[in-house]
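Quick notes on the structure that follows.
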Amino acid sequence: AQKLGDTKVDPFIARHAGGMSFAFWPKDPNIYVVGTDSGNIHKCSTAYSEQYLEAFNGHSGSVFRLKFSPFNPDLFISCSGDWTARLWRIDGPSEQPLCFLPEKSTDAVVDVAWSPSHATVFATVTRDGWIQIWDLRVSQIKPVVDLKNNVSATAVQFAPTSPAVVVGGDSGRVAVYKLSGIATAPDTLEGQLVDLEKGISSFDSRTA
561 AQKLGDTKVD
571 PFIARHAGGM
581 SFAFWPKDPN
591 IYVVGTDSGN
601 IHKCSTAYSE
611 QYLEAFNGHS
621 GSVFRLKFSP
631 FNPDLFISCS
641 GDWTARLWRI
651 DGPSEQPLCF
661 LPEKSTDAVV
671 DVAWSPSHAT
681 VFATVTRDGW
691 IQIWDLRVSQ
701 IKPVVDLKNN
711 VSATAVQFAP
721 TSPAVVVGGD
731 SGRVAVYKLS
741 GIATAPDTLE
751 GQLVDLEKGI
761 SSFDSRTA
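Numbering (the numbering used here), first residue to last: 561 to 768.
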């Protein structure tokens with residue numbers, strides 16, 4: 561007979577990644593993306609509670625925010641504790657995302673926001689206080705606007721009708737910054753979308 565303890569059993573530890581951020585797909589309210597503390601982003605459906613549909617792999621730190629483009633709902637942007645923001649297509653998780661690394665910061669990118677008036681423009685804020693405005697028409701490497709907040713930044717939002725961003729900090733204060741130096745956007749939605757795809761394609765061709 562086999563004695564208790566004669567057989568070695570390896571311990572099994574299972575852990576689900578914790579959800580850090582959520583965003584519903586504007587095209588289908590049953591589809592949403594989830595950013596996790598492991599760095600993965602999962603595409604999910606309200607019809608399936610036991611599994612995700614697809615996985616977007618690219619971040620190596622917690623994903624703090626996910627935002628769909630107000631001009632092209634098939635695009636969304638994420639920001640992470642790995643110091644980067646990344647741009648994805650909802651139907652292309654296997655594609656290499658565009659990566660934006662705030663060069664002056666050495667801390668987590670904690671929030672991101674799309675401009676409501678420029679399809680190619682978005683903002684990032686970092687835990688060490690950097691506020692940076694990016695324009696896909698100009699550069700994937702260098703932001704078009706660099707601002708330094710006096711305290712740690714925690715949230716950012718564009719003003720809906722004015723050239724300004726509102727930034728919240730961990731001190732409880734809110735600061736408003738007027739923006740300048742951003743190129744004029746096309747007057748039509750079609751023109752905005754053309755600019756957006758041109759900006760993405762230019763980076764794709766450079767990294768091919």
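Even glycine gets a Cβ: it sits at the ideal position worked out from N, Cα and C.
Given the structure is predicted, the values throughout are model-derived calculations rather than measurements.
DSSP bridge partner residues for residue i (one or two, in chain order)
{"i": "Glu614", "result": "Lys603"}
{"i": "Thr596", "result": "Gly579"}
{"i": "Lys627", "result": "Ile637"}
{"i": "Val672", "result": "Thr684"}
{"i": "Trp648", "result": "Phe636"}
Residue i (DSSP reduced to helix, strand or coil)
{"i": "Thr688", "result": "Sequence inspection shows Asp at residue 688; the Thr mentioned does not correspond to that position. If DSSP states are grouped into helix, strand and coil, Asp688 belongs with coil."}
{"i": "Lys758", "result": "helix"}
{"i": "Leu739", "result": "coil"}
{"i": "Lys563", "result": "In this predicted model, Lys563 has a pLDDT of only 45, less than 50, meaning its place in the structure is not dependable; the value taken from the coordinates is given anyway. Residue state, collapsed to three classes: coil."}
{"i": "Leu661", "result": "coil"}
{"i": "Gln656", "result": "coil"}
{"i": "Pro571", "result": "Any answer about Pro571 is weak, because its pLDDT of 43 lies below 50 and its placement is not dependable; what the coordinates show is given next. Pro571: coil per DSSP, three-state reduction."}
{"i": "Arg766", "result": "Bear in mind that the predicted position of Arg766 carries a pLDDT of just 46, short of 50, making it unreliable; the figure below should be weighed with that in mind. Of the three classes helix, strand and coil, the one that applies to Arg766 here is helix, per DSSP."}
Residue-chain proximity (residue i, chain B), Cβ-Cβ < 8 Å
{"i": "Val734", "result": "The chain inventory of the structure shown lacks chain B, comprising one protein chain alone."}
Neighbourhood of residue i by C-beta, 6 Å cutoff - its chain only, sequence neighbours within 5 removed
{"i": "Pro657", "result": "Gly618, Arg646, Leu647, Trp648"}
{"i": "Ala735", "result": "Val727"}
{"i": "Ser699", "result": "none"}
{"i": "Arg625", "result": "Ser581, Cys639, Asp671, Val672"}
{"i": "Ile693", "result": "Ala683, Pro703, Val704, Val705"}
{"i": "Ile591", "result": "Trp585, Ser605"}
Nonlocal neighbours in the same chain, by C-beta distance under 7 Å from residue i, ignoring five residues either side
{"i": "Tyr737", "result": "Ile691, Leu707, Ala724, Val725, Val727"}
Spatial neighbours of residue i in its chain, beta-carbon cut-off 8 Å, leaving aside the 5 residues before and after
{"i": "Leu756", "result": "Ser629, Phe631, Asn632, Leu635, Ala679, Thr680, Leu696"}
{"i": "Lys819", "result": "The shown model of the chain, from 561 to 768, leaves out residue 819, and the question about it has no answer."}
Check your understanding: Using 8 Å as the threshold, is the region 630 to 644 in touch with the region 710 to 727, meaning 3 or more CB pairs across them?
Key -> Inter-segment contact for the region 630 to 644 and the region 710 to 727 is absent: fewer than three beta-carbon pairs are separated by less than 8 Å.
Exercise for review: Jot down the residue ranges of each uninterrupted alpha helix (DSSP H) in the region 692 to 745, minimum 4 residues, whole runs only, in chain order.
Suggested key: With a minimum length of 4 residues, no continuous alpha helix (DSSP H) run stays inside the region 692 to 745.
Review point. Touch check for the region 616 to 634 and the region 729 to 743: three-plus C-beta pairs under 8 Å?
Key: These segments do not touch.
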